[in-house]
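S.K.:
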Amino acid sequence: MKNILALLRRFYLFLLFLALEAVALTILFRNNRFHGAEFMRHSSDWVGGIYTQRAQLSEYLRLGEINDQLSLENALLRSVAQENYWNLRTEAATLQDSNSVQRYVYRTAKVVNASVNREKNYVVIDRGSLGDVRADMGVIASGNIVGVVRSASEHFAVVMPVIHSDFKASVRLRKSGAFGSLVWRGGNAQLADVIDIPKNIPVAPGDSIVTSGYSTYFPANIQVGIVEWVDDSDNDYHLIKVRMGTDFRKLDHVLVVSDIFKLEQDSLLNKVEEQDAANSKR
Amino acid sequence: MLQTVSVNIIRILFLILLQALVVSRVQLFDGLIFPWIYIFGILMLPFETPRWLLIVFSFFIGLTMDYFSGPIGLHTSACVFLGFMQTVVQQLLAPREGYDLTQRPTVQRMGLAWYVTYAGVLTLAHHSWFFFMEVFRFSDFFYQIFHLLLSSLATLILMTIGQYLIYNSKGAQV
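Protein chains in written order, with the numbering used here: chain D, 1 to 282; chain W, 1001 to 1174.
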C-alpha cells in the first residue's frame, strides 16, 4: 500500500510536469511564426520601458564614439550636397529636374534592444506605425545594411537583422556586378555568407559586396561588407564569407528606408505572375 | 514563511533582470559561451518547498524570462524540465537521514561536492533542453555540444561564486 502511494506520488509529479511542458511547448510552437509573441513581448510597455532605459544608459556611455560617427556621416553628406558642385552647364541650373523623382525616404530611429548571440536575433527600434515605420522597410546604419522591419506596433518596430537564420537579401559584387544571396548561418555575428555566385566569376578577399536594388527593401549599392575569404570546395558556386560593415553589438542610430515605389513594383510583378500562372494552366 | 517566499521572489526577479540587462549582453568568444544564470533562483529554493510548487514556480520563472528574451515558451519549457529534474535529483542525492527542511541547497550546508553534483546535473539538464529546443538541428553538432558544455560550466562557476557572495560561512543568508 505504502509503495503504491509512493508510486502515485511520483506519478502525480510527472503528470504535472507533462501538463506544464505541454502548455509551454504549445505556446512555443504556436507563436514560433514570429508575429504573435515576439512582437507582443518587445512592444509590451513594461519590458520595452526597461530596455529603453538600458539603451539610454549605454548610449550615454558611448556618446563620444556616436558623435564621431555622426559627424563623419555629416561630412560625407555635406560633400555630396548640391551646392558643393560647380555647375559647368549654365542652362541646366535648375534643381527641379523632372527626369528624376524621389524614390526612397529615410527616417531616423534608435535601437532600444538587440540580440547577437542567438540563432534568430532581433533588433527593436523606437519607431512604430505612428512614425510611419511599417513592415518590410529596410534598415541601415552608417551606410551599411542592418535588416528588414518585420512588424511594428505604435511606438516600436521589430527588425529582422542580417544575423537571423531566416534572413535573405539580394546582393551583388561591386566589381563585377554578379549577384547572389546574403544569408547568415549562426555563429560569428560579424561574418555572413554570400551564396549562389557561380564559380566562373572571380571573387577575391577584399572585394566589396553591396545590395543589388532588386528587392524593394533597400536602394541599390548600400554597403553590405567586405569579402573575408572564399571557399571553392563545393561544386558549382562560391561560398563567400563576408565581414559585415555593421557591428550588431554596437547599434545605436539607424535609418529606416521606405520605398515609395514599393507598392507599384510589387503589384506589377504580382500581376504578371498571376497572368503567367493563368496562362500555364490553360 | 512569508519572508522566505518574498526573499526568493525578489531574488529571482533580480536574477532575471541581471540576466537580461547584463549577462546576456556579454559576448564571450562570439557567443560560444552563453551562461543562463537566472536558474540560480530555482536551484536555491529551500528544501521545504513542496515539489508541485517547485514545478509550477519554475513555469512562471521561465515565462517571465521569456518576456525578456527568446520566443515565448522556450525558457518556460526548459524551466519546467529543470523544476521536475530538481525534484528527482534532490531525491537521488538525499542524505541517509533525509534533508533538514530548514536548510537550503548551499555549499556551506551541504558541502562543495554535493553542491557541484546537484547544480552541475541540473544546469546541464536545463541548458541541454534549452539549446536543443532553440537550435533544433544537427548540423554543427560538435560545435553545439562544445557550446553547451562550456556554457553550462560558465553558469555553474558563476552560481558557485554567487553562493559565496550571498551566504556566509554558516549558510545563513547575509
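Built from N, CA and C at the ideal position, the CB exists for glycine as well.
From a predicted model like this one, the values you see are computed outputs, not experimental measurements.
If the cut is a Cβ gap below 8 Å, which residues of chain D does Phe1059(W) touch?
M.R.: What you label residue 1059(W) is simply residue 59 of the second sequence in a count that begins at 1. Near Phe1059(W) (Cβ distances below 8 Å), the residues of chain D are Leu20, Val23 and Ala24.
S.K.: For chain D, check one thing: does any of its Cβ atoms lie closer than 8 Å to the Cβ of Leu1074(W)?
M.R.: Residue numbering aside, residue 1074(W) sits at position 74 when the second sequence is read from its first letter. Cβ-Cβ to chain D under 8 Å: yes for Leu1074(W).
S.K.: Output, in chain order, the set of chain D residues within a Cβ distance shorter than 7 Å of Leu1021(W).
M.R.: Counted from its first residue, the second sequence places residue 1021(W) at position 21. Here the neighbours are Arg54.
S.K.: Tell me whether Tyr1167(W) sits in a helix, a strand or coil according to DSSP, three-state version.
M.R.: Residue 1167(W) sits at position 167 when you count from the first residue of the second sequence. If DSSP states are grouped into helix, strand and coil, Tyr1167(W) belongs with the strands.
S.K.: Starting from Glu1134(W), find everything on chain D with Cβ-Cβ shorter than 8 Å and list it in chain order.
M.R.: Here the question's residue 1134(W) lines up with position 134 in the second sequence. Simply Arg118 and Glu119.
S.K.: Please give the ranges of any beta strand (DSSP E) in the segment 175 to 254 of chain D, keeping only runs that are unbroken, at least 3 residues long and fully inside the region.
M.R.: If we require 3 residues or more, the beta strand (DSSP E) runs fully inside the segment 175 to 254 of chain D come out as 179 to 183, 191 to 198, 208 to 211, 223 to 231 and 237 to 244.
S.K.: Do the segment 254 to 266 of chain D and the segment 212 to 225 of chain D meet, that is, are 3 or more Cβ pairs less than 8 Å apart?
M.R.: Because the criterion of three Cβ pairs below 8 Å is met, the segment 254 to 266 of chain D and the segment 212 to 225 of chain D touch.
S.K.: Can you pull the DSSP bridge partners for Asp259(D)?
M.R.: Counted from its first residue, the first sequence places residue 259(D) at position 259. Tyr104(D), per the DSSP bridge assignment.
S.K.: Would you check if there are 3 or more beta carbon pairs closer than 8 Å linking the segment 1075 to 1092 of chain W to the segment 14 to 31 of chain D?
M.R.: Contact holds: three or more Cβ-Cβ distances are below 8 Å.
S.K.: Which residues of the segment 1001 to 1022 of chain W have a Cβ closer than 7 Å to any Cβ of chain B? Give them in chain order.
M.R.: Of the protein chains in the structure, D and W, none is chain B.
S.K.: Candidates Ile125(D), Ile226(D) and Gln190(D): which alpha carbon is nearest Asp252(D)'s?
M.R.: Here residue 252(D) corresponds to residue number 252 of the first sequence, with the count starting at 1. It is Ile125(D) whose Cα lies nearest to the Cα of Asp252(D).
S.K.: In chain D, which residues lie with their C-beta within 7 Å of the C-beta of Val1080(W)?
M.R.: Stepping through the second sequence from its first residue, residue 1080(W) is reached at position 80. By Cβ distance, chain D contributes Phe17, Leu20, Glu21 and Ala24.
S.K.: Residues of chain D with CB closer than 8 Å to the CB of Ile1055(W), please, in chain order.
M.R.: Position 55 of the second sequence, counted from the start, is the residue given in the question as residue 1055(W). Here the neighbours are Leu13, Leu16, Phe17 and Leu20.
S.K.: Short check: CB of Glu154(D) to CB of Gly128(D), under 8 Å?
M.R.: Against the first sequence, residue 154(D) aligns to sequence position 154. Against the first sequence, residue 128(D) aligns to sequence position 128. Yes, Cβ-Cβ distance for Glu154(D) and Gly128(D) is below 8 Å.
S.K.: Which word fits Arg89(D), buried or exposed, when buried means at least 16 other C-beta atoms lie within 10 angstroms of its C-beta?
M.R.: Counting from one through the first sequence, the residue named residue 89(D) turns up at place 89. Because the pLDDT at Arg89(D) is just 48, under 50, the model does not fix this residue reliably, and the point stays unresolved.
S.K.: So which residues of chain D does Phe1034(W) contact, with C-beta pairs closer than 8 Å?
M.R.: Here residue 1034(W) is taken as the residue at index 34 of the second sequence, counted from 1. Asn117, listed in chain order.
S.K.: Taking the alpha carbon of Ser1152(W) as the point to measure from, which residue in Glu1134(W), Phe1142(W), His1127(W) and Ile1145(W) has its own alpha carbon closest?
M.R.: On the second sequence, residue 1152(W) is found 152 positions in, with the first residue counted as 1. Out of Glu1134(W), Phe1142(W), His1127(W) and Ile1145(W), His1127(W) has the C-alpha closest to the C-alpha of Ser1152(W).
S.K.: Do you know whose CA, among Val1080(W), Leu1156(W), Thr1117(W) and Tyr1038(W), lies nearest Val1023(W)'s CA?
M.R.: Position 23 of the second sequence, counting from 1, holds the residue named residue 1023(W). Closest option to Val1023(W), Cα to Cα, is Tyr1038(W).
S.K.: In chain D, which residues lie less than 8 Å from Thr1087(W) when you measure between Cβ atoms?
M.R.: Position 87 of the second sequence holds residue 1087(W). Residues of chain D passing the Cβ test: Leu13.
S.K.: When you compare only the Cα positions, how much space is there between Leu63(D) and Thr1117(W)?
M.R.: For the purposes of this step, residue 63(D) is taken as residue 63 along the first sequence, with counting starting at 1. For the purposes of this step, residue 1117(W) is taken as residue 117 along the second sequence, with counting starting at 1. Approximately 46 Å, taken between the alpha carbons.
S.K.: Using a Cβ cut-off of 8 Å (strictly closer), state whether Val159(D) contacts chain W.
M.R.: Locating residue 159(D) in the first sequence gives position 159, counting from the first residue. Cβ-Cβ to chain W under 8 Å: no for Val159(D).
S.K.: In the DSSP assignment, find the alpha helix (DSSP H) that holds Gly147(D) and state where it starts and stops.
M.R.: As a working mapping, residue 147(D) is identified with position 147 in the first sequence. Careful: Gly147(D) lies outside any alpha helix (DSSP H), inside the beta strand (DSSP E) at Asn144 to Ala152.
S.K.: Val162(D) and Ser181(D): beta carbons closer than 8 Å?
M.R.: Stepping through the first sequence from its first residue, residue 162(D) is reached at position 162. Stepping through the first sequence from its first residue, residue 181(D) is reached at position 181. In this structure, Ser181(D) does not lie closer than 8 Å to Val162(D) by Cβ.
S.K.: Can you pull the chain D neighbours of Ser1077(W), defined as C-beta to C-beta under 8 Å?
M.R.: As a working note, residue 1077(W) is residue 77 in the second sequence. What Ser1077(W) touches in chain D: Glu21, Ala24, Leu25 and Leu28.
S.K.: Looking only at C-alpha atoms, which of Met1(D), Leu268(D) and Lys199(D) sits nearest to Asn235(D)?
M.R.: Here residue 235(D) refers to the residue found at position 235 when the first sequence is read from its first residue. Of the listed residues, the one whose Cα sits closest to Asn235(D) is Lys199(D).
S.K.: Quick check on this structure: which residue in Lys110(D), Gly187(D) and Asp68(D) has the alpha carbon closest to the alpha carbon of Asn121(D)?
M.R.: As a first step, residue 121(D) is located in the first sequence; it is residue number 121 there, counting from the start. When each option's Cα is compared against that of Asn121(D), the closest is Gly187(D).
S.K.: Spell out whether any CB of chain D is found under 8 Å from the CB atom of Phe1084(W).
M.R.: Counted from its first residue, the second sequence places residue 1084(W) at position 84. It does; some Cβ of chain D falls within 8 Å.
S.K.: Let's see if you can read the secondary structure: which residues bound the alpha helix (DSSP H) around Arg172(D)?
M.R.: Stepping through the first sequence from its first residue, residue 172(D) is reached at position 172. Segment Ala169 to Leu173 is the beta strand (DSSP E) holding Arg172(D); no alpha helix (DSSP H) there.
S.K.: Within 8 Å (strictly less), CB to CB, does Tyr1067(W) reach chain D?
M.R.: Residue mapping note: residue 1067(W) aligns to position 67 of the second sequence, counting from 1. So yes, Tyr1067(W) belongs to the interface.
S.K.: Look at the alpha carbon of Ile1145(W) and the alpha carbon of Leu1032(W), and state the distance between them as a whole number of angstroms.
M.R.: As a first step, residue 1145(W) must be located in the second sequence, where it is residue number 145. As a first step, residue 1032(W) must be located in the second sequence, where it is residue number 32. Those two C-alpha atoms are separated by around 10 Å.
S.K.: With a CB to CB cut of under 7 Å and the five nearest residues on each side skipped, what residues in its chain are close to Ala240(D)?
M.R.: Along the first sequence, read from residue 1 onward, the residue named residue 240(D) stands at position 240. Inspection of the sequence shows that residue 240(D) is occupied by Ile rather than by Ala. If we look at Ile240(D) and ignore the five residues flanking it on each side, its Cβ neighbours are Asp193, Val194, Ile197, Val203, Val227 and Val230.
S.K.: Can the beta-carbon of Phe1047(W) be found less than 8 Å from the beta-carbon of Gly1083(W)?
M.R.: For this step, residue 1047(W) is matched to residue 47 along the second sequence. For this step, residue 1083(W) is matched to residue 83 along the second sequence. No, the Cβ-Cβ distance between Phe1047(W) and Gly1083(W) is not below 8 Å.
S.K.: Per DSSP, His164(D) forms a beta bridge with which residues?
M.R.: On the first sequence, residue 164(D) is found 164 positions in, with the first residue counted as 1. Lys120(D), per the DSSP bridge assignment.
S.K.: Within 10 Å of its beta-carbon, does Met1(D) have 16 or more other beta-carbons around it, so buried, or fewer, so exposed?
M.R.: For this step, residue 1(D) is matched to residue 1 along the first sequence. So Met1(D) counts as exposed.
S.K.: For chain W, check one thing: does any of its Cβ atoms lie closer than 8 Å to the Cβ of Val171(D)?
M.R.: Walking along the first sequence from the start, residue 171(D) turns up at place 171. Chain W contact via Cβ: absent.
S.K.: Roughly how many whole angstroms lie between the Cα atoms of Asn1008(W) and Val1107(W)?
M.R.: On the second sequence, residue 1008(W) is found 8 positions in, with the first residue counted as 1. On the second sequence, residue 1107(W) is found 107 positions in, with the first residue counted as 1. Each residue's Cα considered, the two are about 18 Å apart.
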